[in-house]
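Asks: Encoded as structure tokens, here's the structure I'll be asking about.
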Amino acid sequence: MIRSRNPRIDVDELERRIDAELARDPDAPDGDERLARLAATVHARAIEAQLTFAEQRSTPRDSWPVDLRIPFVSSSERLKKAVLSMMSLAFRDQYEANNALIRSQREMLALVQTLLERIDSLEARLEAERATTRAQRIASRETHAAPNTPTVAANTPAVVSPSAPPVIPSSVEGQP
Amino acid sequence: MRLAIVTPWYGRELIGGAERLAWEIAHALARTGAEVEVLSTCCRSFLDDWATNYHRSGVSRDAGGVVLHRFPVDSRDRVAFNRANTVLTTLPRIGLRGDRNVLDAVQTRAFINENINSRALLAHLRTAGATYDAVIFVPYLYGPALSGAALVADRAFLIPCLHDEAYAYLEPVRALFATVRGVLFNSVGEEETATAIYGPGVLAKSRVIGHAVEPVPPPATPMSIGSFAPHRSRYVLYLGRQDSSKNIDFLIEAFRAFRERRVATSLQLVLAGPRSATRTADGILDLGAVSEPAKAALLTYARALAQPSIHESFSRALYESWFARRPVLVHGECRATARAVEDAGGGWIGTTLEDWVRMFAAVDESADDAVDALGERGWAAALDNGAWDVVARRTLDAISTRLAPPAGPRIENIVPLGDAAVGRYAQSLTDALNAAGADAAVSIAGSAATPPGARIIAHVTASSPPTPADLLVAHDAAPAVIPSGAVQAPFEGRATIFAPNHGVAATLEESGIIARVLPQAVSPARWAGLRPPHERWLDGKDNLLSIAPLGADEARRLLDTFVAYLALVREARLLIFTADCDGEAHATLLHEREELDLHNEVVLVADAMTERYAAYRAATVALAVGRPLSVESAVTPLWFDLPIVALGDVTVMETVEPCGVVADTFDARRIAALTRIVASDRVLRAAIIGEGRRVRARYAPGVIATAVLEALAEPRRMTESVDMR
């Protein structure tokens, strides 16, 4: 797939390194959600491009390939036409099978797309619910706070007594 | 030729690299018959007070025929200078990058004004500067060069002795490189350092003149230095000033690590050279400064020489070692030494501590024959390097070519009407010929009468009308429209035929026509004097620069590749030249950038030269996944030392494939992974950039012009009209 005339480049070794690089999972736990979504988009586009290519090639041929030279046949338009129709007839079942496969792949792709969108919307809903829960907790904490609890002066270091409720960092506060 | 050499300290007894060079080249130039005057100060040496006049001012002439003018130095504010100097010497290396300014204006002024300066010397340049044919400044970072070059800019030449250090990034130093008429480098590596700092524009006026080193004759009989007997020891030699600026601490650290891992080894590290404190450790022997015979003995019997310094424009010790047929170990971050070793194959190159430990192991464990073979290769390179007289001849040649190139013939490039690509090719050829001294012009076929006596270069395509010519460039060679018989007969043996690339040449050959390949000239000169208008893209992220023309489909393809790249590296930027996009591509890019939420990552670069320059300077890798590349688009990144990853096409086959990596088919993820590897693997990058320099040299205007002028000088002229149809 790649080539180079640079005598200091080992192309086979480079191909192996490309495989190794691609084998790294972009959806790994430390991965970025936005990038994972972008990667999924690229995957979907690549599949789409391949399907379009397959579709273009899965119709019976109606013109003689320019680089195919067969003695006697290439010089006669009638013979060429006859060969093309015979081929078309012979491979009719194959064309139908190919078309069915392409259609099913397209359905699959649409399904994947729907599922991705569904995941997005579920994620959004979950996030909204978390935000609501977080707001409710904050509201209930304020309601239950003792009216005579002394307030801490702005510049005084906060001292947490053993009896005081634990301080929960806001980033984990809303975990269900 | 009347020459002046301006240097802050001058004398036969001085031992600094630049000082020795100034003395040697002055005398070598005088030996060629040139009138040489040295303009220097009365200060004794670099190590003395720069405001103290030690020598008497005035004029003297030495036995070598060199006239020496000494001028008194000015008083100076040492504290202000030292303050600025301390800021510079303590700057972290990571801050030294391309076009970044390293010092504020106040401290820069202090560095320049309180440097070693001589108002009297500058006054002499002002009044008598025009009486010299050329004024050569050695080296770059002291007052006489920084303030004097502008006074004689039209005839100023700089032998900078440059290495990658903070001083080189100062604004007045950049101005100095931009001002002088020509730059003369000691080594290819030094030229590469200058290109990295000042951009490829410097290449248009630079020449590598080299630097000579005399071989140190081996001792007649083995000798001992104190209790150390070199001829009975196995050791790696360090030769030179033992100070931290020479990276000697790194060398010692690496050798210690090596000894810890190989406790049974008998390999020693011997340090020879002036030092402030003795360095001793297991297996390390510090001899301090040694005599010339001792140095010769140490070089002769060493297993190898270590040169760990990363601040060299040329290493004398390295060549002395090669003259003694000993291989060398050098640091990969020093372009001058690494490039010399790479080209000669006379040793090992290592960058990290681990690399150096491995290199010591290789020196220790390799068979004697293998080590000697490397030394032999170095010896051959040292012989090639030449003596001072050769360097002087190269210097004179570089100066006279730059000042007044030999007047060439009047040349008319005849181009067909309406073919933009051929027009661009002819214009670049015309520019190259004019820069080489010819009087060349472009005219449309049939538009005007050819000036009398002009040599004709006809640029023809399949549809060109018959054109009489001295030289023919066949841009289009479809055999179907150029019948072989019609072309071969009139051309054979009469006019030289050129083809713009190997593809056209091969097609012509099928028709029985032998054409030489004359690629389009791509000059680095257009980037001279430019500064990026901002530092927005110098934030450490990988910058992928798209260099291919884009339609809508190609724009999508490019974004897919970039997104796949982002999935691998998380943070990166894609720079796209707006001028490369047609209307649809532009709309697609804006739409997709919105869709994919890539506002910060995808940047459309405006068409201003400074913006383009900034993009090339900031780029990590050039990426071509669009429409076929023009020669200029493919070669320009090579002038910026950018590795290219490209999809294959005709231009790519000739420009990128010999140095970079070409993908046969488009696969966004694989191309992204390949780009990632090229961006991050230093060894692979160095391999691509190294070969890229060879490729770009083929497109240098000087090379192209020489080929054409030589062809025109050949005693062949086609007089008949030739019908290309």
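Top to bottom, those sequences are chains A and B.
Quick note: the first sequence, position 174, residue 174 per our numbering, numbers continuous.
Our numbering runs 1000 ahead of the 1-based position in the second sequence.
Backbone N, C-alpha and C define an ideal beta-carbon position, used for all residues, glycine too.
(1) Between residue 1281(B) and the rest of its own chain, which residues show a CB-CB distance below 7 Å, the 5 nearest in sequence each way excluded?
(2) Please state if the CB of residue 1710(B) and the CB of residue 1625(B) are separated by a distance shorter than 8 Å.
(3) Label residue 1018(B) either buried or exposed according to how many other C-beta atoms from any shown protein chain fall within 10 Å of its C-beta, with 16 as the threshold for buried.
(4) Determine, using beta-carbon pairs with one atom in the stretch 1229–1243 of chain B and one in the stretch 1263–1282 of chain B, whether at least three such pairs fall under 8 Å.
(5) Applying a beta-carbon distance threshold of less than 7 Å, which residues of chain B neighbour residue 4(A)?
(6) How far does the alpha helix (DSSP H) with residue 1704(B) in it reach, from first residue to last?
(7) When the cut-off is 8 Å and only beta carbons count, does residue 100(A) lie next to chain B?
(8) Residue 1148(B) lies in the beta strand (DSSP E); which residues open and close that run?
(9) Since residue 1348(B) is in the beta strand (DSSP E), which residue starts that stretch and which ends it?
(10) Terminal residues of the continuous beta strand (DSSP E) containing residue 1566(B)?
(11) If the criterion is Cβ atoms closer than 8 Å, does the pair residue 1634(B) and residue 1652(B) meet it?
(12) Tell me whether residue 1101(B) is buried or exposed, calling it buried when 16 or more other Cβ atoms sit within 10 Å of its Cβ.
(13) In angstroms with no decimal places, state the Cα-to-Cα distance between residue 118(A) and residue 111(A).
(14) With distances taken between CB atoms, is the gap from residue 1405(B) to residue 1437(B) smaller than 8 Å?
(15) Starting from the beta carbon of residue 42(A), find every residue of chain B whose beta carbon is closer than 8 Å, and list them in chain order.
(16) How many whole angstroms separate the CB atoms of residue 1006(B) and residue 1120(B), which I take to be in contact at a CB cut-off of 8 Å?
(17) Are the Cβ atoms of residue 1439(B) and residue 1523(B) separated by less than 8 Å?
(18) The alpha helix (DSSP H) spanning residue 22(A) covers which residue range?
(19) Report the rounded CA-to-CA distance for residue 1486(B) versus residue 1666(B), giving the unit in angstroms.
(20) In this structure, what does DSSP give as the bridge partners for residue 1285(B)?
(21) Could you say which of 1258(B), 1247(B) and 1527(B) lies nearest to residue 1354(B) if we only look at CA atoms?
(22) With 16 other CB atoms within 10 Å as the buried threshold, where does residue 81(A) fall?
(23) Distance, Cα to Cα, residue 1009(B) vs residue 1147(B)?
(24) Can you name the residues of chain B whose CB is closer than 8 Å to the CB of residue 46(A)?
(25) Where do the N-terminal and C-terminal ends of the alpha helix (DSSP H) with residue 88(A) fall, by residue?
(26) Just reading off the beta strand (DSSP E) that residue 1157(B) is part of, what are its end residues?
(27) At a Cβ cut of 9 Å, what residues of the stretch 1679–1691 of chain B count as close to chain A, listed as they run along the chain?
(28) For residue 1623(B), write down the residues that DSSP places opposite it in a beta bridge.
(29) Using a Cβ cut-off of 8 Å (strictly closer), state whether residue 108(A) contacts chain B.
(30) Between which two residues does the alpha helix (DSSP H) harbouring residue 1475(B) extend?
(31) Assign residue 1359(B) to buried or exposed, taking buried as 16 or more other Cβ atoms, counted over all protein chains shown, within 10 Å of its Cβ.
(32) At the level of alpha carbons, what is the spacing between residue 87(A) and residue 50(A)?
(33) Would you say residue 124(A) faces chain B, with C-beta separation under 8 Å as the test?
(34) Compute the beta-carbon to beta-carbon distance between residue 1426(B) and residue 1459(B), rounded to the nearest angstrom, for a pair I have assumed lies under 8 Å.
(35) Using a 10 Å radius around the Cβ and a threshold of 16 neighbouring Cβ atoms, would you call residue 1683(B) buried or exposed?
(36) Consult DSSP for residue 1399(B) and reduce its assignment to one of helix, strand or coil.
Replies: On the basis of the supplied data:
(1) Result list for residue 1281(B): 1252 and 1256, in chain order.
(2) Cβ distance not < 8 Å, so residue 1625(B) and residue 1710(B) don't count as in contact.
(3) Its Cβ being crowded by 16 or more others within 10 Å, residue 1018(B) is buried.
(4) The answer is yes - the stretch 1263–1282 of chain B touches the stretch 1229–1243 of chain B, with three or more Cβ pairs under 8 Å.
(5) 1657, 1660, 1661 and 1662, listed in chain order.
(6) First-last of the alpha helix (DSSP H) with residue 1704(B): 1701–1713.
(7) No, residue 100(A) does not count as interfacial toward chain B.
(8) No beta strand (DSSP E) holds residue 1148(B); the alpha helix (DSSP H) holding it covers 1143–1148.
(9) Element bounds for residue 1348(B): 1347–1350.
(10) Run containing residue 1566(B): none in the beta strand (DSSP E); it sits in the alpha helix (DSSP H), 1552–1569.
(11) Taking 8 Å as the cut-off, the beta carbon of residue 1634(B) is found closer than this to the beta carbon of residue 1652(B).
(12) Counting C-beta atoms within 10 angstroms of its own C-beta, residue 1101(B) has fewer than 16 neighbours from the protein chains shown and is therefore classed as exposed.
(13) Taking C-alpha positions only, residue 118(A) is separated from residue 111(A) by approximately 10 Å.
(14) Yes, Cβ-Cβ distance for residue 1405(B) and residue 1437(B) is below 8 Å.
(15) Near residue 42(A) (Cβ distances below 8 Å), the residues of chain B are 1560, 1563, 1564, 1567, 1668 and 1669.
(16) Between residue 1120(B) and residue 1006(B) the Cβ distance is about 13 Å, and since that is not below 8 Å, they are no contact.
(17) Cβ distance not < 8 Å, so residue 1439(B) and residue 1523(B) don't count as in contact.
(18) Run containing residue 22(A): 11–23, per the alpha helix (DSSP H) assignment.
(19) Residue placement at residue 1486(B) cannot be trusted, given a pLDDT of 38 that sits under 50; what the coordinates show is reported in the next sentence. The C-alpha of residue 1666(B) is placed about 41 Å away from the C-alpha of residue 1486(B).
(20) Within the DSSP bridge table, the entry for residue 1285(B) names 1270(B) as partners.
(21) Sorting 1258(B), 1247(B) and 1527(B) by C-alpha distance to the C-alpha of residue 1354(B) places 1258(B) at the top.
(22) Residue 81(A) comes out exposed.
(23) The alpha-carbon of residue 1009(B) is positioned some 16 Å away from that of residue 1147(B).
(24) Result: 1560, 1667, 1668 and 1669.
(25) 77–90 is the extent of the alpha helix (DSSP H) around residue 88(A).
(26) In the DSSP assignment, residue 1157(B) falls within the unbroken beta strand (DSSP E) covering 1156–1158.
(27) Shown in chain order are the members of the stretch 1679–1691 of chain B whose Cβ falls below 9 Å from a Cβ of chain A: 1681, 1683, 1684, 1686, 1687, 1688, 1690 and 1691.
(28) For residue 1623(B), the beta-bridge partners assigned by DSSP are 1546(B) and 1645(B).
(29) Cβ-Cβ to chain B under 8 Å: no for residue 108(A).
(30) From DSSP, residue 1475(B) is part of no alpha helix (DSSP H); its letter is neither H nor E.
(31) Burial of residue 1359(B) is indicated by the presence of at least 16 other C-beta atoms within 10 angstroms of its C-beta.
(32) Each residue's Cα considered, the two are about 24 Å apart.
(33) By the rule that beta-carbons nearer than 8 Å mark a contact, residue 124(A) does not touch chain B.
(34) Confirmed, Cβ separation roughly 5 Å.
(35) Classification for residue 1683(B): exposed.
(36) Looking at residue 1399(B) - three-state DSSP - the assignment turns out to be helix.
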